[in-house]
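Notes to accompany the following structure.
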Amino acid sequence: MSGLLENFWVLLALKVAIIAAVVPAVSLVFIFAELKISAHMQSRIGPYFAGGRWGWAQPLADGLKFIQKEDLVPDDADRPVFKFAPMVVLMSTLAVFVIVPFSPKLVVRDLDLGVFYALAAGSFGTIGVLMAGWSSANKYSLIGGLRAGAQLIAYELPLVLAVVGVVIQAGTMSFNGIVAAQAAPVFTIGEFAIHLPYLFQGQVIGFVIFIIAMLAELNRTPFDMPIAESELVMGYLTEYSGLRFTMFFLAEYAGMFSMSAIAATLFLGGWYLPGLSSGALEVLGPVILMAKVSLLVFVIIWFRWTFPRLREDQLQSIAWRWLIPLALLNIVGTAIAKVVL
Amino acid sequence: MQFTDWIADARNIVFLVIALAMVGAAVMVVTSRNVIHAALMLVVALAGSAALFLMLGAEFVAWTMVLVYIGAVVVLFLFGIMITRAPTKADPVRLDHKHRWPALLVALGTFAAMATVTTLAFEDAALPDGVARAGDIGDVLFDRFVIPFEVVSFVLLAALIGGIVLARKDPE
């Protein structure tokens, strides 16, 4: 058995299968959470009947409905590009999970350049969005795709720069290395060692910038100009139906999962919780990480049902005039603190 | 080395597959009747070069290729094309140039020169170990190559200022 597990290809197939099963399952839970939380925030009940108690089967029913629908391709559309676009978006989202550590050992591959890899893999999705917007041969889709492109370019910079602060502080780009750096005690009071995640070690600005840029990268309200229903129907998703629409939908919630997991690992300590032995962390690590991820996902959903949508020029000016200079200041401050302290 | 020996190495087969895909994509970039298709084929070609860098163990360069060239440069290409004109069928404008034969000559000449120079310089030399991790690259970049690094950033700064000057409209 252990001999089989040491075979590279068997292990690879196993890891791919686990990610391919876990990520959609967790995404379904998040979709259900969004349905229920949004309902309660608006004094509604939300899904109630499907599956019995709380209507827990509602996301499954929605998924089955989408799969049954016809896979429409508009007459004027560029067929190969149109059909390939959702795969590019979903692929780039799933590729990020390679480096997300769920426990000291439970990670697909702890790359030395983990942070850099995650950002590179995530940036690939922009191509898919632009492909979808253009190939639909629909003016709503095209404008939605263009807005999405402009937004993703603008917010990728603050996202990358916000992470640099953590990388400087940890002195490594490997995700497990960053968690280990946060597991090291900051200072001790007598025998009692104080462990702090980077959020409480001076990376507050970095965390806030990361969360804002993350919302924009995910096209979530208040940054959902690309799919603004009142003016663009559904933006670059307008012409998609059936399974291909499901892929975009899944990519959105899987993206929430992956981005929240990255934020939780970089700023909130990942699978680490002070006071637990390393043996307990091996077992409880995934639970701790998922608890932190769920907290961030709740914040994302909360924002969506609280804030109105930003106008396109406001959105661009926040990124270029506020977030990028602030992120640069944060890097300078962190670097000085690293050298001086 | 015999071809049969060369092909017996699995790494060479992977290289061959990636290289053929890259060449095919590169030819499509030039011959495609649609500008967007050309840009998307450029993505395939650039992804292939990133894969080649990964095969060489140059992880940092590979992900930089993806982040900068695919994630930023090609996205800007696509964005620029879509915001000006973007027909989904074959482009009505002729995507050709009357100087295509001289252009081919220049391309072949550049390829021959670069292929010769790199082959002569590095022929069978094995890569030195030690500059594979991100930290090592940082050490080398900010120690031995700090002056070229600063020169490059100065050139980029000049280009940046030039871009702003060109785009800016001063109020009369």
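Protein chains in written order, with the numbering used here: chain A, 258 to 598; chain B, 11 to 182.
All C-beta atoms in this analysis are idealised placements derived from N, C-alpha and C, irrespective of residue type, glycine included.
query                                                                                                          : result
Through-space distance from A389/A to V345/A, alpha-carbon basis                                               : 10 Å
Chain-ordered chain B contacts of V280/A [CB-CB under 8 Å]                                                     : Simply none; closest approach about 21 Å.
9 Å Cβ cutoff, G406/A in contact with chain B                                                                  : yes
Rounded separation between M51/B and A82/B - CA only                                                           : 15 Å
Cβ of T41/B within 9 Å of any chain A Cβ                                                                       : no
Close beta carbons around L403/A, own chain, < 7 Å, minus the five adjacent residues each side                 : G390
Sequence-distant residues of the same chain with beta carbon closer than 7 Å to A450/A, five excluded per side : P442
Interface flag, F89/B vs chain A, CB-CB below 9 Å                                                              : yes
Beta-carbon neighbours of V73/B, restricted to chain A and to distances below 7 Å                              : For clarity, residue 73/B is Trp in the given sequence; the question names Val instead. Under the 7 Å cutoff, chain A gives L370, F373, Y374, A377.
Residues near E539/A by beta carbon distance below 7 Å, same chain, minus five either side                     : S360, P361, K362
Residue-level contact to chain A via CB, M92/B, 9 Å cutoff                                                     : yes
Exposure of I575/A, with buried meaning 16 or more beta-carbon neighbours within 10 Å                          : buried
Beta-carbon proximity list for F444/A, same chain, < 6 Å, skipping 5 on both sides                             : I451
Residues bridged to F449/A [DSSP beta-bridge criterion]                                                        : I446/A
Candidates W559/A, I425/A, R501/A, of which the one nearest A594/A by Cα                                       : I425/A
Same chain only: Cβ atoms within 7 Å of T383/A, ignoring 5 sequence neighbours per side                        : G406, L409
9 Å Cβ cutoff, I46/B in contact with chain A                                                                   : yes
Proximal residues of chain A, C-beta to C-beta of G62/B below 9 Å                                              : Looking at the sequence provided, one finds Leu at residue 62/B rather than Gly. Neighbours of L62/B on chain A: none; closest Cβ ~16 Å, over 9 Å.
Interface flag, T522/A vs chain B, CB-CB below 9 Å                                                             : no
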